Each structure stands twice: as structure tokens, then as C-alpha cells.
């Protein structure tokens with residue numbers, strides 16, 4: 004474990020695990036920590052030494068002196084580079100790989116965009132960032148959506164009621180309902196959701212550019228989707244997939260909750 008002191012941002016905490024020798028920078032999904040990928044012990048962790056970062060408002064990562072107004076304005080994309088530049092100061096400039104799950108895929112993709120000449124492999128699981136998710140677009144970028152998001156965050160009853168109604172009209176399914184409900188059942192959790200999603204609102208990868216860089220630098224690309232994932236399904240990512248020359252794409256019989264021992268077994272069996 005350790006910290007990267009990122010100027011103008013704060014202290015980004017990371018976990019280290021895996022028996023492989025190749026370095027991989029990993030970014031988890033909402034509500035987890037950088038330890039999320041430790042369950043991939045028979046597959047990914049046999050090849051890689053993972054540096055799994057805690058998102059801000061998760062684990063031990065802490066913003067330095069950011070007021071609410073600055074958080075809501077969003078973290079500038081340029082600060083994503085600082086993760087790697089500070090990591091280089093500790094471990095030396097070298098080749099590396101990246102991995103991201105759900106919202107963590109945005110950071111992984113931006114690092115491909117910025118460091119394609121140094122990246123060996125990118126692994127994305129149920130990734131955000133490959134297409135525009137309408138729900139996030141409304142809540143984070145439309146004035147009325149941002150107002151609604153703030154109002155719901157401050158209310159004890161609006162968030163649960165809204166989720167029930169979204170499930171009722173089948174905008175979300177039961178699994179997404181349960182995941183979301185567990186993250187909004189206290190005032191602190193609602194605030195963390197609000198701050199987390201606003202902090203990363205500007206981290207939008209340029210998928211056309213990234214696909215071209217992956218092809219140009221022959222970066223190995225593994226994309227894994229849940230067949231029953233209604234949040235970030237494979238069909239939404241088909242334009243990006245079509246732009247990759249040798250993408251390794253998997254659609255497994257799971258939902259959005261992908262980073263599990265079940266996925267580890269699936270990946271191990273692929274190698275046999």
C-alpha cells in the first residue's frame with residue numbers, strides 16, 4: 004500500500020497485490036476500493052502486479068482542500084496524467100498495463116489515450132466511457148438533471164422513491180436497484196455518490212482516438228461485458244469494438260456485478 008501525492012488534487016491511495024511481475028494500474032467501480040480486483044487471483048493476478056487505486060470519496064484517498072463548488076465543477080482531465088507521473092517517480096518510467104471496471108474504466112481509457120506508447124494491455128470490465136450513458140449525462144451535464152441530483156441527494160425519502168419508480172418503469176432492473184439502494188440509504192452515502200460522480204464528470208475518453216492508438220501501438224485489448232448488464236451493456240460499446248482490429252471480447256452470463264470469483268474461473272478456463 005502507498006500514496007501518490009498529486010499536486011492540486013490530493014493523496015491517491017493504492018493497494019498492491021498479485022504475484023505477476025508486470026505492473027498494472029487498476030481503477031475500481033463505485034462503492035469499492037482498489038482492492039476490488041484481488042478476487043482475480045487465478046487469472047489476472049498470476050500475470051500482473053496490480054496497483055489498485057482508491058477513488059476519491061472511497062477508501063483512504065483524500066482530496067486536499069477542495070470545496071464543494073470545486074468538486075461539483077469536476078476534476079480536470081489533465082490531472083489523470085499525474086497519477087502515472089507520480090507513480091513513475093516511485094517506480095521508474097517503464098511500460099505498464101491498465102485495468103478498469105465500471106466508472107473506473109474512464110480513467111483507464113484516458114491513460115491509454117495519454118500513454119499508448121508505454122501500455123502493453125488494457126482490460127475493461129462492464130466499462131463506462133465507451134458510450135454515453137443517458138442517466139449520467141442527465142444527472143451530471145443537464146441543468147435540470149444537476150438540480151434534481153442535488154435535491155435528491157439532500158432528501159431522506161426522494162432517492163429511495165425515485166429508485167423504486169425507475170425500477171417500476173423498467174429503466175433499471177432488480178440487480179441495479181439493489182446496488183443503487185445500498186449506496187443511498189444514509190446521508191453520508193448519498194453525499195459520497197453526489198461528490199464522486201461530479202468529481203469525475205469531465206473524464207470523458209475520446210474513444211475514436213483511443214481505438215486508433217490501440218491499433219497503432221498493438222496494445223492487447225480485453226473487453227468483458229455482462230450479458231444481463233443493463234447499465235453498460237456490450238451493445239452500447241459495439242461502435243468502439245468495431246474500431247479495434249484485434250479486440251478480445253467476452254460476454255459472460257452475469258449482470259453488472261462482474262468482478263467476482265466466477266469471472267476469475269471464467270478467465271482461467273479460457274487459458275486451458
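In this note's numbering, the protein residues as written are 4 to 275. All residues carry an ideal CB built from backbone N, CA and C; glycine is no exception. All figures in this text were calculated on a predicted structure; none of them were measured in a lab.
For this session: Have a look at 14, 46, 4 and 7 and flag the residue whose alpha-carbon is nearest the alpha-carbon of residue 267.
Result: Residue mapping note: residue 267 aligns to position 264 of the chain shown, counting from 1. The candidate whose alpha carbon is nearest that of residue 267 is 46.
For this session: List the endpoints of the continuous beta strand (DSSP E) containing residue 148.
Result: Counting from one through the chain shown, the residue named residue 148 turns up at place 145. Judged by DSSP secondary structure, residue 148 falls outside any beta strand (DSSP E) and instead within the alpha helix (DSSP H) spanning 146-157.
For this session: Specify whether the region 121-131 and the region 225-235 touch according to this definition: at least 3 beta carbon pairs, one from each stretch, less than 8 Å apart.
Result: Yes: at least three Cβ pairs fall under 8 Å.
For this session: Taking only heavy atoms of the ligand PLP into account, decide whether any of them is closer than 6 Å to the Cβ of residue 29.
Result: With respect to small molecules bound, the structure shown includes none, and the ligand PLP cannot be examined in it.
For this session: Helix, strand or coil for residue 58, going by three-state DSSP, please let me know.
Result: Along the chain shown, read from residue 1 onward, the residue named residue 58 stands at position 55. Annotated three-state conformation of residue 58 is coil, per DSSP.
For this session: Express the C-alpha separation of residue 258 and residue 25 in angstroms, rounding to a whole number.
Result: Translated into the one-based positions of the chain shown, residue 25 becomes position 22. Translated into the one-based positions of the chain shown, residue 258 becomes position 255. Distance from the CA of residue 25 to the CA of residue 258, rounded to the nearest whole angstrom, comes to 29 Å.
Exercise. Do you know offhand how far residue 210's Cα is from residue 220's?
Worked result: On the chain shown, residue 210 is found 207 positions in, with the first residue counted as 1. On the chain shown, residue 220 is found 217 positions in, with the first residue counted as 1. One alpha carbon belongs to residue 210, the other to residue 220, and they sit about 15 Å apart.
Problem set entry | Identity of the residues DSSP links to residue 200 by a beta bridge | Start at 1 with the first residue of the chain shown, and residue 200 comes out as number 197. DSSP output for residue 200 lists no bridge partner at all.
Exercise. Whose C-alpha, out of 200, 9, 159 and 140, is nearest the C-alpha of residue 82?
Worked result: Here the question's residue 82 lines up with position 79 in the chain shown. Comparing alpha-carbon positions, the option among 200, 9, 159 and 140 lying closest to residue 82 turns out to be 9.
For this session: Decide if residue 241 is buried, meaning its Cβ has at least 16 other Cβ atoms within 10 Å, or exposed.
Result: Along the chain shown, one-based indexing puts residue 241 at 238. Counting Cβ neighbours within 10 Å, residue 241 comes out exposed, since fewer than 16 surround it.
For this session: Could you pull out every residue in the same chain whose Cβ sits closer than 6 Å to the Cβ of residue 64, ignoring the five residues on either side in sequence?
Result: In the chain shown, residue 64 corresponds to position 61, counting from 1. Counting only Cβ-Cβ distances below 6 Å, and skipping sequence neighbours, we find 15, 16 and 57.
Problem set entry | Where residue 213 falls: helix, strand or coil (DSSP) | Taking the first residue of the chain shown as 1, we reach residue 213 at position 210. In this structure, residue 213 counts as helix in the three-state DSSP scheme.
Exercise. Assuming residue 155 contacts residue 224 under a Cβ cut-off of 8 Å, what Cβ separation, rounded to an integer in Å, is found between them?
Worked result: Indexing the chain shown from 1 puts residue 155 at position 152. Indexing the chain shown from 1 puts residue 224 at position 221. The pair is not a contact, with the Cβ atoms about 37 Å apart (cut-off 8 Å).
Problem set entry | Counted within 10 angstroms of its Cβ, other Cβ atoms place residue 96 as buried (16 or more) or exposed | Taking the first residue of the chain shown as position 1, residue 96 is located at position 93. Here residue 96 is exposed: its Cβ has fewer than 16 other Cβ atoms, across all protein chains shown, within 10 Å.
Problem set entry | Contact set for residue 66: own chain, Cβ-Cβ below 6 Å, skip 5 residues either direction | For the purposes of this step, residue 66 is taken as residue 63 along the chain shown, with counting starting at 1. These residues qualify, in order along the chain: 13 and 59.
Exercise. In the DSSP assignment, what residue or residues form a beta bridge with residue 100?
Worked result: Walking along the chain shown from the start, residue 100 turns up at place 97. In DSSP, residue 100 forms a bridge with 27.
Problem set entry | Of the listed residues 256, 52, 226 and 180, nearest to residue 108 (C-alpha basis) | Along the chain shown, one-based indexing puts residue 108 at 105. For the residues 256, 52, 226 and 180, the minimum Cα distance to residue 108 belongs to 226.
Exercise. What residues are listed by DSSP as bridge partners for residue 66?
Worked result: Mapped onto the chain shown, residue 66 falls at position 63. Note: residue 66 sits in a beta bridge opposite 13.
Problem set entry | Where the beta strand (DSSP E) containing residue 253 begins and where it ends | Translated into positions along the chain shown, residue 253 becomes position 250. 251-255 is the span of the beta strand (DSSP E), which, as asked, contains residue 253.
Exercise. What three-state label does DSSP hand residue 19 in the structure shown?
Worked result: Translated into the one-based positions of the chain shown, residue 19 becomes position 16. Strand at residue 19.
Exercise. What residue range is occupied by the uninterrupted beta strand (DSSP E) comprising residue 123?
Worked result: For the purposes of this step, residue 123 is identified with residue 120 of the chain shown, where counting begins at 1. The continuous beta strand (DSSP E) containing residue 123 extends over residues 122-128.
Exercise. Three-state secondary structure (DSSP) at residue 269?
Worked result: In the chain shown, the residue the question calls residue 269 occupies position 266. Three-state result, residue 269: helix.
Problem set entry | Beta-carbon gap between residue 103 and residue 53 smaller than 7 Å | Taking the chain shown and counting its residues from 1, the one referred to as residue 103 is at position 100. Taking the chain shown and counting its residues from 1, the one referred to as residue 53 is at position 50. No, the Cβ-Cβ distance between residue 103 and residue 53 is not below 7 Å.
Exercise. Taking the alpha-carbon positions, what's the residue 254 to residue 177 distance?
Worked result: The count along the chain shown starts at 1 and reaches residue 254 at position 251. The count along the chain shown starts at 1 and reaches residue 177 at position 174. The straight-line gap from Cα to Cα measures roughly 20 Å.
Exercise. Exposed or buried, which one is residue 91 when buried takes at least 16 other CB atoms within 10 Å?
Worked result: Here the question's residue 91 lines up with position 88 in the chain shown. Residue environment: residue 91 is assigned as exposed (fewer than 16 neighbouring CB atoms within 10 Å of its CB, all protein chains considered).
For this session: To the nearest angstrom, report how far apart residue 71 and residue 269 are at their CA atoms.
Result: The residue labelled residue 71 in the question sits at position 68 within the chain shown. The residue labelled residue 269 in the question sits at position 266 within the chain shown. About 42 Å.
For this session: Keeping to the same chain, check which residues put their C-beta closer than 7 Å to that of residue 152; ignore five residues upstream and five downstream.
Result: Sequence index remark: in the chain shown, residue 152 carries index 149 (1-based). When the five nearest sequence neighbours on each side are left out, the beta carbons in the same chain lying within less than 7 Å of the beta carbon of residue 152 are those of 142 and 197, in order along the chain.
For this session: Could you pull the start and end residues of the beta strand (DSSP E) that residue 245 belongs to?
Result: Mapped onto the chain shown, residue 245 falls at position 242. Bounds of any beta strand (DSSP E) do not take in residue 245; it lies within the alpha helix (DSSP H) bounded by 241-245.
Exercise. Does DSSP put residue 45 in a helix, a strand or coil?
Worked result: As a working mapping, residue 45 is identified with position 42 in the chain shown. If DSSP states are grouped into helix, strand and coil, residue 45 belongs with coil.
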